[in-house]
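Numbering (my numbering), first residue to last: 2 to 442.
Heads up, the beta-carbon is just placed ideally off N, CA and C, and yes, glycines get one too.
Notes follow once the structure below has been shown.
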Ligand SMILES: Cc1cc2nc3c(=O)[nH]c(=O)nc-3n(C[C@H](O)[C@H](O)[C@H](O)COP(=O)(O)OP(=O)(O)OC[C@H]3O[C@@H](n4cnc5c(N)ncnc54)[C@H](O)[C@@H]3O)c2cc1C
């Protein structure tokens, strides 16, 4: 194509050949809803469910072919910081436990089967009347003069569509919608925005459950070092030095044993490279373990995750920012949507093992702390809330609250806030969480 030439489908290549000016086009309105939830991971499913149960008309848009985000497409299998939670988190643990294996029952649903999670989430959301759109990516937002999102744009097999709503909840993990709407955000730490590494999880089989117990996180006393030492003794050097093996059910295990360093969550080429590299590493490790023989001789991969696990994306600026000091002092607020008890868990930022943590803020140790509702309310756009790992907080605080046992109550609170703010004819930042919070929270 020559620069300046009109492209057949409607666009002009810029003279420097570095961009393409796409022709303006009419985008069909896919529909209108009261609450639009973008992203259907642990935060998004809870936001949609809570908003629907609070009486709102809700649509949820999800990129993958299933609900659950890192729980399902990411093959996570462990829910951290969940057992002190009420509401939807407690309901999900009950469902995962009752419908799961003995392992799920013995761990109160915190070790779950991703396939059970997929179907439980679909059933709950369908029953609540949430309109679910899978295989659909949120690609843009249209805002107005009064700092509100009017519509979002999606791309899918249905083409490009626009969706109108009164309230929007960004549960994309990476804060895609908030960024598209022009919100301020932070990424990673330091001037180079260094982020925690990505990891690909996998399901394995072919090992006797009794024989492997010492290597399994839930049954071995020092399972991680034991597995690492075994690997290293046989020349297998996993890029994550704390390999974590969990038994899910009847001889099916999950494993987390790799790190991909320095990958931006906003660079599709880099994510692709990391995905291919991580998948190869898992195959290499499993092949290596088979060669060890003994209990490992029939080890096999059932599946590698379709979605590589992304620990960090954007942290969107909210009406409150949770800080390292809040985590250290054990913040208490009457706007608390949940109490987080998970420690600060920064995975090494590079292969050298550096974690970039200055511990001076935590001289007296860490205490459970409250997650305030205003940290879920966007500062720059009035009808936007966030839930999950993209809420407002600093690098250190994020390394604690990001786990899924906190993402679910965040989603629940954001969903309630979205629905109630419509019913009360106020903006989310005008809500007093004390007055709208569920009785059991
Ligand atoms: C490797 C790894 C291990 C972890 N280990 C644990 C653990 O053991 N236990 C634990 O509780 N937590 C763990 N975490 C942390 C936890 O998984 C995340 O912080 C958590 O998933 C946050 O939930 P979320 O709903 O915000 O994000 P996600 O689970 O990432 O969900 C975001 C969803 O939005 C969708 N989406 C993204 N962009 C778009 C878009 N533009 N349009 C439409 N949809 C979109 C995605 O497909 C996804 O379904 C781990 C994380 C990683 C990466």
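Check: residue i C-beta below 6 Å from any heavy atom of ligand 1
i: residue 80; result: yes
i: residue 193; result: no
i: residue 405; result: yes
i: residue 43; result: yes
i: residue 173; result: yes
i: residue 65; result: yes
i: residue 393; result: no
i: residue 31; result: no
i: residue 265; result: no
i: residue 310; result: yes
i: residue 408; result: yes
i: residue 242; result: no
i: residue 218; result: no
i: residue 71; result: yes
i: residue 18; result: no
i: residue 389; result: yes
i: residue 177; result: yes
i: residue 38; result: no
i: residue 98; result: no
i: residue 139; result: yes
i: residue 200; result: yes
Simplified DSSP state of residue i, which is helix, strand or coil
i: residue 423; result: helix
i: residue 122; result: helix
i: residue 343; result: coil
i: residue 438; result: coil
i: residue 293; result: helix
i: residue 18; result: coil
i: residue 23; result: strand
i: residue 310; result: strand
i: residue 171; result: strand
i: residue 337; result: strand
i: residue 42; result: coil
i: residue 326; result: helix
i: residue 60; result: strand
i: residue 428; result: coil
i: residue 415; result: helix
i: residue 408; result: helix
i: residue 320; result: coil
i: residue 54; result: helix
i: residue 65; result: coil
i: residue 401; result: helix
i: residue 315; result: strand
Own chain, CB closer than 6 Å to residue i, minus 5 neighbours either side, in chain order
i: residue 311; result: 199, 266
i: residue 301; result: 206, 207
i: residue 55; result: 417, 420
i: residue 65; result: 74
i: residue 333; result: 371
i: residue 131; result: 49, 53, 59, 61
i: residue 51; result: 413, 416, 417
i: residue 235; result: 293
i: residue 218; result: 224, 245, 247
i: residue 193; result: none
Contacts around residue i, its chain only, beta-carbon distance under 8 Å, and the 5 residues preceding and following it disregarded
i: residue 84; result: 94, 109, 111, 406
i: residue 148; result: 381, 382, 383
i: residue 171; result: 39, 40, 177, 178, 179, 317, 379, 385, 386, 387, 388, 391
i: residue 355; result: 349
i: residue 165; result: 30, 32, 33, 34, 151, 152
i: residue 24; result: 11, 12, 13
i: residue 184; result: 176, 317, 318, 379, 380, 381, 382, 385
Residues near residue i in its chain [Cβ-Cβ closer than 7 Å; skip 5 each side]
i: residue 325; result: 362, 395, 397, 398
i: residue 306; result: 74, 75, 76, 201, 202, 203
i: residue 221; result: 214, 215, 227
i: residue 249; result: 78, 102, 104, 112, 114, 255
i: residue 100; result: 117, 121
i: residue 136; result: 66, 157, 158
i: residue 259; result: 200, 201, 239, 240, 241, 279, 282, 283
i: residue 344; result: 367, 401
i: residue 98; result: 105, 106, 109, 110
i: residue 210; result: 248, 252
i: residue 275; result: 199, 261, 264, 309
i: residue 82; result: 341, 342, 343, 404, 406, 407
Can you give, in chain order, each stretch of the alpha helix (DSSP H) that sits fully within the segment 177-207 and has at least 4 residues?
177-181
Return the chain-ordered ranges of every alpha helix (DSSP H) run that is complete within the segment 356-396 and spans a minimum of 4 residues.
none
Please list the segments of the beta strand (DSSP E) lying wholly inside the segment 234-286, counting only runs of 3 or more residues, in order along the chain.
245-250, 253-257
When you compare the segment 8-19 with the segment 135-146, are there three or more beta-carbon pairs, one atom per stretch, that lie closer than 8 Å?
no
Between the segment 45-57 and the segment 121-139, are three or more C-beta pairs nearer than 8 Å?
yes
Uninterrupted beta strand (DSSP E) stretches inside the segment 70-137 (no shorter than 3 residues):
132-134
Can we say the segment 279-294 touches the segment 233-252, given the rule of at least three CB pairs closer than 8 Å?
yes
Okay, do the segment 419-433 and the segment 88-107 touch, 3+ Cβ pairs below 8 Å being the bar?
no
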